[in-house]
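One structure is given here, and the rest of the page talks about it.
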Amino acid sequence: MLHLTSEFSIGAAKKEELDKLCHELRKGVRCIQSYTRRCMDLQQRNQFNKLYHGTNQFIRDLCNKGEFQEEYLKHAPCSEMAKKDFEVCANRYKETMVFLKPNKNQENPENGTFNENIKTICCSIKELVDCSENAARKICGNEAAKFTRELVDKYANSLTKIYCEDFTRHPHACRDGDGDGASAISQNTLGILISVLLLLLVR
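Numbered per the numbering used here, the sequence shown spans residues 77 to 279.
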């Protein structure tokens, strides 16, 4: 759908360009809605909609006149200068996702591989946010860095609140421990989670 840090955050530096991007984003949202209606049962659809709520809100805020859109357009020209740095952050994230392990025990969603994958995803999102913020600060200054963090956080807000709260509260868990926030998540939901991440990062 879109590439969050290298194409999206710097991909529309003018209002006209943003309008074109928003047209494509809305088409993507309609496509996703159609897919969930046709291919998911009610429980899966409800879970997916919880995950995707923050992304939908992000698109509404970005594509309608208001404070967030104005802030985005204000920082977009400088962010263009940081494109290469943003790409490094995004590529690091995607490379980590490649190493997610297949969950062979389909009957037990609380097995070690499942929780290890959740940990990998949550900690990689944190690294993506930190890396993007640092890249913006280096090229554009503190104000742009703050907005970049807000942009990425806002985009993945629902996902991280549901799955990554344990790692947000205890960042050291990414370095030396196993978080416990994923213990109640079902196997089907992991598949949905990874699908959402791919939608966020792959255009």
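Think of the CB as a built atom: it goes at the ideal place given N, C-alpha and C, for glycine as much as any other residue.
Note that this is a predicted model, so its numbers are computed, not measured.
Under the three-pair Cβ rule at 8 Å, the region 95-103 counts as touching the region 133-148.
Annotated three-state conformation of A158 is coil, per DSSP.
Secondary structure of M116 (DSSP, three-state): coil. The straight-line gap separating the alpha-carbon atoms of S200 and T172 is approximately 7 Å. Excluding five sequence positions before and after M157, the CB atoms of its chain that fall closer than 8 Å to its own CB belong to I215 and C216, given in chain order. Under the three-state reduction of DSSP output, H246 falls in the coil class, being neither helix nor strand. Between F134 and A211, the gap from beta carbon to beta carbon reaches 8 Å or more. Contact annotation: A221 and E203 have beta-carbon atoms that are not nearer than 8 Å. With 16 or more other Cβ atoms from the protein chains shown falling within 10 Å of its own Cβ, C240 counts as buried. In the DSSP assignment, A220 falls within the alpha helix (DSSP H) that extends over N218 to Y231. For I238, the closest alpha carbon among the candidates F223, K126, Y231 and Q109 is that of K126. DSSP, read as helix, strand or coil, puts G104 in helix. Counting the other Cβ atoms within 10 Å of the Cβ of H248 gives fewer than 16, which makes it exposed. With contacts defined by Cβ atoms closer than 8 Å, C198 and F144 do not form a contacting pair.
L235 sits close to G130, with the two beta carbons spaced by under 8 Å. Of the candidates K160, F124, C154 and Y148, the residue whose Cα lies closest to the Cα of V228 is Y148.
Judged by DSSP in its simplified three-state form, G130 adopts helix. Between C165 and C115, the C-beta spacing is not below 8 Å. About 16 Å separates the beta carbon of R102 from that of T112, a gap too long to meet the 8 Å contact definition.
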